[in-house]
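Numbering (the UniProt record's numbering), first residue to last: 1 to 348. Please read the structure below before turning to the comments.
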Amino acid sequence: MNFLRTSLMVTLIGVSSLMAKPTIAILATGGTIAGSGTSELKSSYSAGAVTVDKLLAAVPAINDMATIKGEQISSIGSQEMNNQVWLKLAKRVNELLAQPDIDGVVITHGTDTVEETSYFLDLTVKSKKPVVFVAAMRSSTSMSADGPMNLFNAVNVAINKETTGKGVVVVMNDEIHSAREVTKVNTSSVNAFASPNSGKIGTVYYGNVEYYMQPTRKHTVASEFDVSKLEDLPRVDIVYAHPNDTDVMVKAAVSAGAKAIVHAGMGNGNPFPLTQDALADAVKKGVVVARSSRVGSGSTTLEGEVDDAKYGFITTTTLNPQKARVLLMLGLTKTSDKKALQKMFLEY
1 MNFLRTSLMV
11 TLIGVSSLMA
21 KPTIAILATG
31 GTIAGSGTSE
41 LKSSYSAGAV
51 TVDKLLAAVP
61 AINDMATIKG
71 EQISSIGSQE
81 MNNQVWLKLA
91 KRVNELLAQP
101 DIDGVVITHG
111 TDTVEETSYF
121 LDLTVKSKKP
131 VVFVAAMRSS
141 TSMSADGPMN
151 LFNAVNVAIN
161 KETTGKGVVV
171 VMNDEIHSAR
181 EVTKVNTSSV
191 NAFASPNSGK
201 IGTVYYGNVE
211 YYMQPTRKHT
221 VASEFDVSKL
231 EDLPRVDIVY
241 AHPNDTDVMV
251 KAAVSAGAKA
261 IVHAGMGNGN
271 PFPLTQDALA
281 DAVKKGVVVA
291 RSSRVGSGST
301 TLEGEVDDAK
311 YGFITTTTLN
321 PQKARVLLML
331 GLTKTSDKKA
341 LQKMFLEY
């Protein structure tokens, strides 16, 4: 009799364990998803005005899927994103994911810079657990706001076992994108994000998750970057190329103390001749110069029209200028050696 009672108790405990909901931490940073306007039919709004509690209350169904813990990290439009919020966010995510009772993290963010923040965490999070960024193109008070469904889908992605080990992902408009590859391609459409060089890695339709691909570049637990003791990041500026360009912006960046410059060049990362000379002078002064492209897709290759070895430049491969800046900032916390930095662009 005692044996039967014990067996029944073990069975019940096992069933209870199987039925336990995962715990997801939702960290809010602001953005359009937390925006509030005076009319549902006007595009004007204040970003970051809605608190995390109100965001979660708008999607009660997520409580049926997971135990939700909300936390406010910042309340800003993502055009205000800065090094301090990046470091605070990365450190907090690492703290949470180190806890055995936290199964994943969802981060609500503005669309303007979500591609950079997500990539920063892709390089600095030290866990295989899911980290999912989510945003919206319409404020919470807009007619047919896209934030609630995006958040619902993001939580479903975070609790999906297949998300484990994929690095940081971004969920928007029923699509799942790798943080390294995703970029904003439209200023106002809800279909505003794409991964031009690789395509999306999966879809999530009313919470149903399906993956097609696995990111292959180094990320998260394979990354060498550690921000746990950092209070700031090296200054890296982006200089945008155009016909009839000058040396003014390059000289200004050097004068302002930039440790590196990402040059968003024409075509395959090509600079205007006067700008190229200024970039070469910057290298002689100890500034790292990385050639990228303003094109939006494709790879900026070594030794094309530009003699990189002659000028001391490195290239950013398939990273666009804004993502190249993120990797370069973190790379400079480890080394200023150009060969080592070039290797990072080939691996991350």
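Using N, Cα and C, we set each Cβ at its ideal position, and we do this for glycine too.
{"Check": "Assigned secondary structure, R138 (DSSP; H/G/I helix, E/B strand, else coil)", "Outcome": "coil"}
{"Check": "Counted within 10 angstroms of its Cβ, other Cβ atoms place G31 as buried (16 or more) or exposed", "Outcome": "buried"}
{"Check": "Segment limits, beta strand (DSSP E) that includes Q72", "Outcome": "T67 to I76"}
{"Check": "Buried/exposed call for M329, threshold 16 Cβ in 10 Å", "Outcome": "buried"}
{"Check": "Closest by C-alpha distance to A20, when choosing among D112, A66 and I62", "Outcome": "A66"}
{"Check": "Validate contact between the region 292 to 304 and the region 265 to 284 using beta carbons, cut 8 Å, 3 pairs", "Outcome": "yes"}
{"Check": "Closest by C-alpha distance to I73, when choosing among G147, L279 and K91", "Outcome": "K91"}
{"Check": "Boundaries of the beta strand (DSSP E) in which T108 is found, first to last residue", "Outcome": "G104 to T108"}
{"Check": "DSSP state of I13 mapped onto helix, strand, coil", "Outcome": "Its pLDDT being 42, under 50, I13 is placed unreliably in this model, and the coordinates cannot settle the point."}
{"Check": "Integer Cβ distance of A179 from V168, believed to fall under 8 Å", "Outcome": "4 Å"}
{"Check": "Proximity winner among E181, T246, M81 and S336, relative to G296 (alpha-carbon distances)", "Outcome": "E181"}
{"Check": "Where N320 sits in the DSSP three-state scheme", "Outcome": "coil"}
{"Check": "Exposure of Y348, with buried meaning 16 or more beta-carbon neighbours within 10 Å", "Outcome": "buried"}
{"Check": "Residues sharing a beta bridge with F133, DSSP", "Outcome": "I107 and V170"}
{"Check": "Residue of Q276, N270, N94 and T246 minimising C-alpha distance to G304", "Outcome": "N270"}
{"Check": "Selection from I176, V287 and G207 that minimises the alpha carbon distance to F193", "Outcome": "I176"}
{"Check": "Cβ-Cβ distance between D247 and D277 below 8 Å", "Outcome": "yes"}
{"Check": "Segment limits, beta strand (DSSP E) that includes A290", "Outcome": "V288 to S293"}
{"Check": "Per-residue burial, A256 [other beta carbons within 10 Å of its own, 16 or more giving buried]", "Outcome": "exposed"}
{"Check": "Alpha carbon of residue 349 to alpha carbon of M81, nearest angstrom", "Outcome": "What the structure shows of the chain is the stretch from 1 to 348, and residue 349 is not part of that stretch, so it cannot be assessed."}
{"Check": "N-terminal and C-terminal residue of the alpha helix (DSSP H) that S255 is part of", "Outcome": "V248 to S255"}
{"Check": "Close beta carbons around N156, own chain, < 8 Å, minus the five adjacent residues each side", "Outcome": "M65, V204, G207, N208 and V209"}
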